[in-house]
Each structure stands twice: as C-alpha cells, then as structure tokens.
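Its first residue numbered 1, the sequence shown is counted upward by one per residue in the UniProt record's numbering.
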Amino acid sequence: MIRFEKVSKRYRGTSKPALSDVEFDVQRGEFVFLVGASGSGKSSCLRLILREDTASDGRVVVLGRDVRGLSTRKVPYFRRHIGSVFQDFRLLPNKTVFQNVAFSLQVIGSSRAFIQQSVPEALALVGLAGKEKRLPHELSGGEQQRVAIARAIVNRPQILLADEPTGNLDPGTSIDIMQLLARINAGGTTVVMATHEAGFVDQMQRRVIELSGGVVVRDERHGGYGDTSGLPVLTPETVKGAAATAALTAVLELQKQIASSGDTGPVEPLPEPVEPPAPQPDAVLPPVAVVRDAPVASESVRAEEQTSDAGAPSSEPDTGTRGIPITPADIDLTDIDGLGAADRLGLGRRDDDEVGPTA
Ligand code: ADP
Ligand code: MG
1 MIRFEKVSKR YRGTSKPALS DVEFDVQRGE FVFLVGASGS GKSSCLRLIL REDTASDGRV
61 VVLGRDVRGL STRKVPYFRR HIGSVFQDFR LLPNKTVFQN VAFSLQVIGS SRAFIQQSVP
121 EALALVGLAG KEKRLPHELS GGEQQRVAIA RAIVNRPQIL LADEPTGNLD PGTSIDIMQL
181 LARINAGGTT VVMATHEAGF VDQMQRRVIE LSGGVVVRDE RHGGYGDTSG LPVLTPETVK
241 GAAATAALTA VLELQKQIAS SGDTGPVEPL PEPVEPPAPQ PDAVLPPVAV VRDAPVASES
301 VRAEEQTSDA GAPSSEPDTG TRGIPITPAD IDLTDIDGLG AADRLGLGRR DDDEVGPTA
C-alpha cells in the first residue's frame with residue numbers, strides 16, 4: 001500500500017540528506033508508528049507519501065502508484081485517498097465542528113444529502129456527537145484533534161497519515177487519540193503515525209519503524225520504543241494485535257452484510273466518550289462504527305469515487321453519490337487560504353481524471 005524503495009531526500013541548501021536509502025513496505029490495514037528524534041526525517045517521509053514533496057532518489061509507491069509519475073493536476077485526486085492530521089489541528093477557527101468536517105466533502109463536490117449523513121457519522125465515530133455547533137475555541141485540545149480526525153476520515157480515505165497528532169496534548173488525552181486511531185485502523189484504514197513520544201508507542205504494540213538521522217534503524221512488527229523504563233505507565237496495555245484483528249473481522253463482516261442487504265441507513269454511533277480500556281489482556285476493542293459504503297478490503301477504488309470523479313464530465317458539478325450537487329462555487333474560500341486545503345482537496349478545478357490505486 002505504501003512502499004519506499006531506497007528513498008533519499010536532500011533539501012536544497014543542506015549538506016546532509018534528510019533521508020538516506022529508506023526502505024519499508026506498509027501493507028493494507030497496518031498501523032505503523034514512525035518514530036525518531038526531532039529532525040530524524042519522520043515528517044519528510046509523510047510529505048513524500050502525500051506527494052507534497054518528491055524523493056531525490058529512489059521510488060515512493062502509494063496505492064500502486066509511483067507518486068513521482070503523478071502529474072500536478074492528478075495530485076489532488078490522489079490525495080483524496082489519504083487523510084492527514086497534524087500536531088496543530090489546523091481547524092477553520094470561524095467554522096463550527098460540523099462545518100469543519102463538512103468542508104472537506106464540500107470541496108470535492110459531495111451532495112448535501114451525503115454530507116448530512118456522513119458528517120454526523122464521522123463525528124459519532126470520534127466521540128463528538130452533540131458538539132456539532134461548537135466552534136473550535138469552545139473545545140479542548142483533544143476534542144479539536146478529534147474534529148481534525150473526523151475531517152480526515154469523513155471521505156473514507158484508504159490511508160490516514162498523522163504527524164505528531166498528540167504533540168500538543170496531555171498524556172491522558174494523547175492515549176484517547178491513539179485509541180481512536182487504533183479503532184479507525186481496526187475499521188480497515190491503513191494508519192501511519194509519526195511521533196517522538198515513546199510511552200504511547202510501547203503501549204500500542206504495533207509495528208515501529210524508527211528513523212535516526214534519516215536512516216531506518218529499526219523496523220519491528222510489535223516493537224516498543226527504546227528504553228521506556230523511566231516513563232510513567234499511563235494505562236494498561238490493551239490494544240493487542242489479536243483484538244484489533246477480531247474487531248476488523250467483525251467490521252468487515254458487518255460491511256458485507258450491509259452491502260448485500262442494500263441497507264444504507266445510519267449505523268450505531270460509538271459510545272461517547274471513548275471508554276478507557278478494561279485492564280484485561282486481549283480485551284476486544286469496542287465495535288467500530290461502520291461507515292456507510294465503507295470499502296470492503298479491496299484494492300479497487302470505491303464505485304462512488306469512480307462515479308464522482310472518473311465518470312463526471314468536467315463541465316458538470318459532481319453530485320457525489322446521490323442527491324443535490326454542491327459546486328465549489330458554494331464554498332467560501334476565504335477561510336482556507338494558507339491551510340493548503342484547497343490544493344490538497346483539488347478545489348478550484350473539476351477534473352475527470354481520477355487517480356486511484358491500480359494495484
Ligand atoms: P522530523 O519530522 O523527524 O522532525 P523532518 O523530516 O522534519 O524530521 O526533518 C528531517 C531533516 O530535514 C531535518 O534535518 C530538517 O532540518 C531537514 N528539513 C526538513 N524540511 C526541510 C526543508 N524544507 N528544507 C531544508 N531542510 C529541511
Ligand atoms: Mg516532524
């Protein structure tokens with residue numbers, strides 16, 4: 001799903017490469033921690049995956065595409081398959097929680113009906129049901145990050161990238177966010193999270209790729225993160241591979257049932273707030289809210305996207321899956337200048353040339 005082949009990155013005006021011969025392969029459905037000290041190259045890796053930057057040497061293959069081969073106009077479509085969250089949340093300060101999440105659907109031309117259904121589902125998934133009308137400054141840091149996560153996943157990306165998402169949060173809140181990411185991962189989304197925070201990584205017991213000076217020095221399937229003996233233990237270790245696998249299996253089963261029954265109605269939201277894990281080994285994660293039309297594990301682009309992107313003539317507004325079209329003209333762009341959202345989401349140009357996974 002994400003493959004680095006001898007990737008090096010040299011920034012202009014620097015003598016030492018930020019990344020040297022980095023190689024790893026992330027499979028669909030994996031949860032991967034990218035760890036290392038500040039300056040070790042974590043953000044550089046994420047930027048290469050998102051094609052915000054290109055490698056100096058080597059190949060970065062994402063969703064079956066050598067991202068270097070993507071033309072500039074295809075990049076926004078490619079990025080629709082990738083959600084991203086950052087340390088500083090990057091919410092629109094004058095928009096409500098609902099509007100912040102809806103925004104990323106509006107800019108890609110989703111229908112109002114689709115937005116009205118998908119946004120509450122995403123907010124329920126992150127435990128923010130009932131807070132739709134709040135403004136970002138009326139939320140805690142952890143809640144703001146949940147909004148950012150809801151925004152990143154509302155379009156059901158195949159990959160979620162998180163760059164130090166807990167960097168501005170206290171330890172307890174950080175654990176909540178990590179468990180939320182684990183739950184999103186259990187729903188089938190591939191998650192790559194960059195962090196320098198050791199304690200959380202140990203507790204999650206997931207794959208760890210460690211960078212040091214731009215070189216991969218460790219790639220462990222269920223590794224911890226160095227010596228954490230000096231760190232306080234925050235919660236019992238609970239998110240085990242077996243539990244996540246069980247949750248994923250249950251989710252996929254439910255998705256199949258929904259797909260075969262044709263039932264596209266709303267699903268049960270997650271309990272809110274997110275419960276702290278029960279202190280028992282191999283505790284099964286709470287069920288993941290199944291998002292309507294969520295992809296069953298498959299490398300193909302969702303039919304919805306093929307309809308909305310590949311099929312729609314560029315002269316017509318994209319109606320999303322169903323219902324009333326919202327054109328980019330409906331959206332007030334003044335808020336998003338500087339956030340990079342317009343570019344990331346392909347706003348401002350309709351293009352019938354969908355970029356999707358090919359393998
Ligand atoms: P991390 O996210 O692990 O802190 P980064 O990927 O941000 O690391 O940075 C890796 C190295 O690349 C650092 O030495 C940093 O100074 C350098 N670097 C990152 N971005 C740029 C840039 N745009 N121009 C020049 N050097 C950069
Ligand atoms: Mg960084």
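In this text, a Cβ means the ideal position worked out from N, Cα and C, and glycines have one as well.
Just checking E52 against the ligand MG - is the residue's beta carbon closer than 7 Å to any of the ligand's heavy atoms? In the sequence shown, residue 52 corresponds to position 52, counting from 1. E52: no, Cβ never under 7 Å from the ligand MG.
Quick one: does the C-beta of S212 sit closer than 7 Å to a heavy atom of the ligand ADP? As a first step, residue 212 must be located in the sequence shown, where it is residue number 212. The answer is no for S212.
With DSSP as the reference, label I326 as helix, strand or coil. For the purposes of this step, residue 326 is taken as residue 326 along the sequence shown, with counting starting at 1. Because the pLDDT of I326 is 35, which lies under 50, any placement of that residue in the model is unreliable, and the number read from its coordinates should be weighed accordingly. Secondary structure at I326: coil, using DSSP grouped into helix, strand and coil.
Rounded C-alpha distance that separates E30 from T189: Looking up residue 30 in the sequence shown gives position 30. Looking up residue 189 in the sequence shown gives position 189. Using only the alpha carbons, I get a separation of about 8 Å.
Express the C-alpha separation of P120 and P271 in angstroms, rounding to a whole number. Here residue 271 corresponds to residue number 271 of the sequence shown, with the count starting at 1. Here residue 120 corresponds to residue number 120 of the sequence shown, with the count starting at 1. Since pLDDT at P271 reaches only 36, below the 50 mark, its modelled position is unreliable, and no value is offered.
Go through its chain and collect everything with a Cβ distance to L128's Cβ below 6 Å, but skip five positions before and after it. For the purposes of this step, residue 128 is identified with residue 128 of the sequence shown, where counting begins at 1. For L128, the CB contacts under 6 Å within the same chain, skipping 5 residues up- and downstream, are R146 in chain order.
If you drop the 5 nearest sequence neighbours on each side, which residues of the same chain put their C-beta closer than 6 Å to that of V61? The residue given as residue 61 occupies position 61 in the sequence shown. Setting aside the 5 residues that flank it on each side, V61 is surrounded in the same chain by R3, each with a C-beta closer than 6 Å to its C-beta; the list follows chain order.
So which of L160, V208, V126 has the shortest CA-CA distance to T173? By one-based count along the sequence shown, residue 173 stands at place 173. Looking at the Cα atoms, V126 is the closest of the given residues.
Using DSSP with H/G/I as helix, E/B as strand and the rest coil, what is K74? The residue labelled residue 74 in the question sits at position 74 within the sequence shown. Correct three-state label for K74: coil.
Are the Cβ atoms of L34 and M204 separated by less than 8 Å? One-based indexing of the sequence shown puts residue 34 at position 34. One-based indexing of the sequence shown puts residue 204 at position 204. Contact: no.
Using CA coordinates, which residue listed in R12, R10, C45, T14 is at the minimum distance from E210? Locating residue 210 in the sequence shown gives position 210, where the first residue counts as 1. Checking every option, the nearest Cα to that of E210 belongs to C45.
Can you pull the DSSP bridge partners for G218? The residue you call residue 218 lines up with position 218 of the sequence shown. Position check: residue 218 holds Arg in this sequence, whereas Gly was assumed. Answer is E210.
Cβ distance (whole Å) where A150 is taken to contact L160 below 8 Å: In the sequence shown, residue 150 corresponds to position 150, counting from 1. In the sequence shown, residue 160 corresponds to position 160, counting from 1. Contact doesn't hold; Cβ gap of about 11 Å is too wide.
Which residues in the same chain as R10 place their Cβ atom closer than 6 Å to its Cβ, once the five residues preceding and following it in sequence are excluded? By one-based count along the sequence shown, residue 10 stands at place 10. For R10, where only same-chain residues beyond five positions count, the Cβ hits under 6 Å are P17, S56.
Whole angstroms is fine: what's the gap from S43's alpha carbon to R51's? On the sequence shown, position 43 is the one that residue 43 refers to. On the sequence shown, position 51 is the one that residue 51 refers to. Between S43 and R51, the C-alpha separation is close to 12 Å.
Hey, V107 and L123: beta-carbon distance below 8 Å or not? Start at 1 with the first residue of the sequence shown, and residue 107 comes out as number 107. Start at 1 with the first residue of the sequence shown, and residue 123 comes out as number 123. No. Outside cutoff.
What span of residues does the alpha helix (DSSP H) with T195 cover, start to end? As a first step, residue 195 is located in the sequence shown; it is residue number 195 there, counting from the start. Per DSSP, T195 belongs to no alpha helix (DSSP H); it is in the beta strand (DSSP E), 190–195.
Does the region 72–79 come into contact with the region 130–145, if we say contact requires no fewer than three beta-carbon pairs (one atom in each stretch) closer than 8 Å? no
If you draw a straight line from the C-alpha of P165 to the C-alpha of G214, how long is it? Taking the sequence shown and counting its residues from 1, one reaches residue 165 at position 165. Taking the sequence shown and counting its residues from 1, one reaches residue 214 at position 214. When rounded, the distance between both Cα atoms is 21 Å.
In angstroms with no decimal places, state the Cα-to-Cα distance between R28 and P157. Indexing the sequence shown from 1 puts residue 28 at position 28. Indexing the sequence shown from 1 puts residue 157 at position 157. Spanning the two alpha carbons is a distance of roughly 12 Å.
If we require 3 or more residues per run, which beta strand (DSSP E) segments fall completely within the region 121–189? The beta strand (DSSP E) runs of length 3 or more contained entirely in the region 121–189 are, from start to end of the chain, 159–163.
Residue closest to Q117, alpha-carbon to alpha-carbon, out of K131, F98, K133: The count along the sequence shown starts at 1 and reaches residue 117 at position 117. Q117 has its Cα closest to that of F98, out of K131, F98, K133.
Whether D25 touches K6 by CB criterion (8 Å): Sequence index remark: in the sequence shown, residue 25 carries index 25 (1-based). Sequence index remark: in the sequence shown, residue 6 carries index 6 (1-based). Taking 8 Å as the Cβ cut-off, D25 and K6 do not qualify as a contacting pair.
Beta-carbon within less than 6 Å of D66's beta-carbon, same chain only, minus the 5 sequence neighbours each way: which residues are those? Position 66 of the sequence shown, counted from the start, is the residue given in the question as residue 66. For D66, where only same-chain residues beyond five positions count, the Cβ hits under 6 Å are R59.
Can you list, in chain order, the residues of its chain whose CB lies under 7 Å from that of G167, leaving out five sequence neighbours each side? By one-based count along the sequence shown, residue 167 stands at place 167. Excluding residues within five positions, the ones whose Cβ falls inside 7 Å are Q87.
State buried or exposed for A37, treating a residue as buried only when at least 16 other CB atoms are found within 10 Å of its CB. Position 37 of the sequence shown, counting from 1, holds the residue named residue 37. Here A37 is exposed. Its C-beta has fewer than 16 other C-beta atoms within 10 Å.
Cβ-based neighbour list, S8, same chain, cut-off 7 Å, excluding 5 preceding and 5 following: Translated into the one-based positions of the sequence shown, residue 8 becomes position 8. The residues are P17, L19, S20, D21, A55, S56, D57, G58.
Would G311 be called buried (16 or more neighbouring beta carbons within 10 Å of its own) or exposed? Mapped onto the sequence shown, residue 311 falls at position 311. Annotation note: pLDDT 35 at G311 (below 50); position unreliable, no value reported.
Give the single residue among R218, D163, R221 whose Cα lies nearest to the Cα of R47. Counting from 1 along the sequence shown, the entry for residue 47 is found at position 47. Measuring from the Cα of R47, the nearest candidate turns out to be D163.
For G83, does the count of other Cβ atoms within 10 angstroms reach 16, so buried, or fall short, so exposed? Taking the sequence shown and counting its residues from 1, one reaches residue 83 at position 83. G83 should be labelled buried.
Using the beta-carbon count (16 or more within 10 Å), is N185 buried or exposed? In the sequence shown, residue 185 corresponds to position 185, counting from 1. Residue environment analysis places N185 among the buried positions, since at least 16 neighbouring C-beta atoms fall within 10 angstroms of its C-beta.
Please classify R183: is it buried, with 16 or more other beta-carbons within 10 angstroms of its beta-carbon, or exposed? On the sequence shown, residue 183 is found 183 positions in, with the first residue counted as 1. Buried, by the Cβ-count rule.
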